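K.L.:
Residue numbers (the working numbering): 31 to 875. Ideal placement from N, C-alpha and C gives every residue a C-beta, glycine not left out. Since this is a predicted model, take the numbers as computed values, not measurements.
#1: Starting from the Cα of residue 441, find the closest Cα among 373, 505, 585 and 430 and give me that residue.
#2: Would the segment 358-376 count as touching the segment 107-126 if we require 3 or more Cβ pairs under 8 Å?
#3: Would you mind listing the alpha helix (DSSP H) stretches within the segment 706-788 that are 4+ residues and don't spill past its ends, in chain order?
#4: For the alpha helix (DSSP H) containing residue 274, list its first residue and its last residue.
#5: Could you spell out where the alpha helix (DSSP H) holding residue 144 opens and where it closes?
#6: Helix, strand or coil for residue 490 per DSSP?
#7: Give me, in chain order, the residues of the same chain whose beta-carbon lies closer than 7 Å to that of residue 876; leave out the 5 immediate sequence neighbours on both sides.
#8: In whole angstroms, what is the alpha-carbon distance linking residue 669 and residue 707?
#9: What are the residues that DSSP puts in a beta bridge with residue 547?
#10: Using the Cα positions of residue 439 and residue 474, report the straight-line distance between them to the nearest angstrom.
#11: Run the CB neighbour count on residue 231, radius 10 Å, all protein chains shown included, and call it buried at 16 or more, exposed below.
#12: Pick out the complete beta strand (DSSP E) segments inside the segment 349-378, 3 residues or longer, and give them in chain order.
#13: Which of helix, strand or coil does DSSP assign to residue 42?
#14: So the alpha helix (DSSP H) residue 560 belongs to, where does it begin and stop?
#15: Can you list, in chain order, the residues of its chain whose CB lies under 7 Å from that of residue 328, leaving out five sequence neighbours each side?
#16: Measure the Cβ-Cβ separation of residue 448 and residue 733 and say whether it is below 9 Å.
#17: In the DSSP assignment, the beta strand (DSSP E) including residue 453 goes from what residue to what residue?
#18: Residue 183 and residue 153 - do their beta-carbons sit closer together than 9 Å?
#19: Nearest CA to the CA of residue 714: which residue from 672, 208, 750 and 472?
#20: Excluding five sequence neighbours on each side, which residues of the same chain lie with their C-beta closer than 8 Å to the C-beta of residue 248?
#21: Evaluate the contact criterion for the segment 217-233 versus the segment 96-115: three or more CB pairs, one atom per stretch, below 8 Å.
#22: Mind checking residue 190: buried by the 16 CB within 10 Å criterion, or exposed?
#23: Less than 6 Å between C-beta atoms, sequence neighbours within five positions excluded: which residues of the same chain meet that for residue 722?
#24: Restricting to Cα atoms, I'd like to know which of 318, 696 and 756 is closest to residue 178.
#25: For residue 689, which residues in the same chain have their Cβ closer than 6 Å to its Cβ, ignoring the five residues on either side in sequence?
#26: Report the start-end ranges of each beta strand (DSSP E) in the segment 466-527 that is 3 residues or longer and not cut off at the edges.
#27: Starting from the C-beta of residue 553, find all residues in its chain whose C-beta is less than 8 Å away, skip the five residues before and the five after it, and write them out in chain order.
#28: Do the segment 139-146 and the segment 408-423 make contact, defined as three or more Cβ pairs closer than 8 Å?
#29: Which first and last residues belong to the beta strand (DSSP E) in which residue 53 is found?
#30: Can you tell me whether residue 643 is helix, strand or coil according to DSSP?
#31: Roughly how many angstroms lie between the CA atoms of residue 168 and residue 133, to the nearest whole one?
#32: For residue 197, list the residues DSSP reports as bridge partners.
#33: Decide if residue 364 is buried, meaning its Cβ has at least 16 other Cβ atoms within 10 Å, or exposed.
#34: If you reduce the DSSP assignment to three classes, tell me which class residue 530 lands in.
#35: Could you tell me how far apart the beta carbons of residue 122 and residue 92 are, in whole angstroms, since I believe they sit closer than 8 Å?
#36: In angstroms, rounded to a whole number, what distance separates the CA positions of residue 635 and residue 643?
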């Protein structure tokens with residue numbers, strides 16, 4: 031096929047350009063598909079025929095050594111069908127790939143994988159240069175999507191059907207159901223036929239083929255396509271209809287039938303188009319180069335040199351290579367131009383094989399991603415949406431999108447208590463188990479948030495009689511040994527467990543706490559009446575009572591007979607007046623307006639203090655003064671008291687590390703049993719406290735919150751779902767837990783955990799807080815400022831009224847003070863009586 035297309039290309043080129051001075055002369059060698067034969071043919075052409083360029087070889091396997099020969103002799107090697115990325119022109123400058131690199135399709139494959147949200151895929155490829163070349167770039171593209179490749183299956187090109195069957199049996203045992211196949215039709219058709227035989231072309235499987243098979247699908251027997259490839263997705267190089275292509279098809283069919291009259295339909299594929307364009311590009315480059323010195327320079331003429339040593343170097347190789355790199359024209363299916371020694375990436379078509387042919391369902395381009403048709407391109411917006419693809423018929427004639435994996439086998443714990451988290455109900459007649467609970471509903475809500483369908487089957491971790499088959503660690507081991515795919519339940523995230531399995535993000539509150547009984551200290555404290563106020567507030571209040579008494583005495587004792595008399599009487603009266611403001615029972619009258627102003631402010635302060643004190647004391651006396659019986663786990667373990675823990679949990683081992691008296695560790699299985707043990711107390715064979723994880727403690731408190739309180743003790747990460755190491759489901763489910771289920775989690779929690787309506791807040795302090803000076807210093811500041819201001823005003827007025835005494839120079843300072851304060855007692859005493867009789871005639875300060 032390739033040779034006939036080359037011959038037709040040169041014939042058309044020179045017939046349309048008869049004036050050109052150069053002509054390409056073909057020296058044909060048949061490698062018969064063998065690598066050694068291809069190398070020998072290339073050596074013969076370069077050494078003996080001294081060709082200026084070689085069109086070929088036709089496979090990536092044959093190309094490696096031939097490219098080295100071209101590089102050594104400066105002879106361009108132009109291949110129209112060696113597509114392996116490992117044959118890089120950057121490594122071999124004299125290698126021209128007149129075709130698309132296989133790695134140019136990996137982004138189209140990854141776009142399909144992304145569109146359907148598949149998180150795992152197995153790569154199946156032929157174990158040679160062609161198959162291995164695409165794997166690094168394909169792995170990289172899938173890794174960018176966080177799509178895991180758990181296994182790579184490489185099949186020898188000469189593998190027998192039994193070998194293929196053994197490899198497929200291995201793949202059947204794996205969880206993954208998405209397979210990406212990169213090989214040529216001879217091996218690929220046998221692989222898919224064997225997969226069909228083993229039932230791997232049924233519903234639930236996904237097969238994606240690279241263009242290695244699809245571009246050559248015409249060479250595969252139609253019966254094989256119809257029987258073994260139904261529902262397969264594939265990438266195909268897009269070949270648009272052009273006038274040049276139509277003309278070429280007519281010419282080639284005519285030429286082929288002339289040479290092969292008995293064959294009605296000549297074989298043709300994309301590589302025939304590439305061969306036609308490659309020959310034309312070489313003819314144009316030679317014409318541009320012109321006629322010149324087409325000789326070889328022999329660098330080693332030794333008689334004992336090998337054929338490789340005497341191969342010589344083409345004198346025009348560099349120039350011809352330069353002209354080829356600059357050649358551009360409109361080819362049969364696209365514009366021909368070389369970038370980096372190979373054709374640029376083009377459009378790929380996404381096809382779905384049904385019947386005996388491939389049906390187009392969409393396209394992929396580098397700029398726009400997946401598109402339903404070429405007219406719907408939205409420049410600048412890359413899309414990887416499955417809505418841009420047509421209807422797909424999957425293996426098994428299914429229209430439902432297959433998932434990445436087969437149905438997950440999930441273990442759930444069997445519990446005797448705390449059934450709000452996980453409850454397994456077994457029907458004795460049908461022997462079918464129904465699994466419900468908070469953890470199960472959370473898992474189902476998370477799965478619904480995933481961007482793809484995930485099927486699963488919940489299996490109780492139970493013995494034939496329905497009892498638990500072991501501890502949580504035993505259950506997790508089943509995932510580690512790959513007997514099950516996951517564990518869903520109240521499984522605690524622990525560091526030692528994460529060495530063997532992988533946890534999602536926690537979906538419950540984390541931590542370990544103590545559940546301890548309350549004790550009421552209300553009737554055991556004789557000094558409870560002092561607790562409403564703190565010590566500093568008591569002290570500040572007492573000092574202000576004395577201070578206000580002093581201020582009132584200073585303002586009243588000269589004009590009010592109630593504040594006169596012996597010193598003890600004056601002190602007692604002043605203090606009595608100040609303290610009696612608490613109950614507003616003072617007998618003495620205040621005659622000074624300044625005194626009244628001070629007393630009004632102070633009464634306001636006292637009113638607030640007494641009301642606050644009354645409320646706080648009432649709270650202490652009426653509300654139970656509940657205090658936990660134990661506050662420290664270490665103190666509890668050292669005291670010799672019995673400590674409870676939930677049976678078959680990690681806390682047993684944790685507590686054994688903290689104490690050597692194992693007999694004091696008492697297991698319980700349910701919230702009711704925990705309450706019974708706590709009610710009995712350690713002395714009666716019960717427990718003094720229970721140590722458990724916060725979700726369990728909260729469940730107990732929701733039923734018995736008036737009896738117990740929770741005290742945090744240890745840290746842990748909470749409950750999580752268990753998967754095997756490296757599972758691609760972990761980041762998706764963790765993301766759903768983190769972002770997508772906050773509202774539904776709250777609803778689920780309310781549905782499974784109900785609490786008493788008359789419960790105390792177990793997380794808050796069990797006793798009322800005392801009132802401190804911080805809450806009242808503003809009031810004291812106001813009262814103090816008012817009192818000091820009244821004293822200042824009084825002193826100014828007093829000094830002004832008695833200035834004649836102050837200015838007297840005949841008496842000492844002591845005599846002046848005594849004269850002002852004490853010498854006019856009788857007169858001042860009478861003033862009070864006069865005020866009572868003639869209050870309207872006087873103003874006092």
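P.N.:
To lay it out plainly:
#1: 505
#2: yes
#3: 724-734, 759-765 and 772-782
#4: 273-289
#5: 136-146
#6: strand
#7: Past the boundaries of the shown model lies residue 876; the chain is included only from 31 to 875, so the question cannot be answered.
#8: 18 Å
#9: 738
#10: 14 Å
#11: buried
#12: 358-360 and 365-369
#13: helix
#14: It is not in any alpha helix (DSSP H) - residue 560 carries neither H nor E in the DSSP assignment.
#15: 340 and 342
#16: no
#17: 453-456
#18: yes
#19: 672
#20: 297, 298 and 299
#21: no
#22: exposed
#23: 676
#24: 756
#25: 667
#26: 486-490
#27: With a pLDDT of 49 at residue 553, under the threshold of 50, the predicted position of this residue should be treated as unreliable, and no value is reported.
#28: yes
#29: Premise fails: residue 53 is in no beta strand (DSSP E) and is neither H nor E.
#30: helix
#31: 7 Å
#32: Paired residue(s): none; residue 197 is not in a bridge.
#33: buried
#34: coil
#35: Incorrect: roughly 14 Å between the Cβ atoms, too far for contact.
#36: 12 Å
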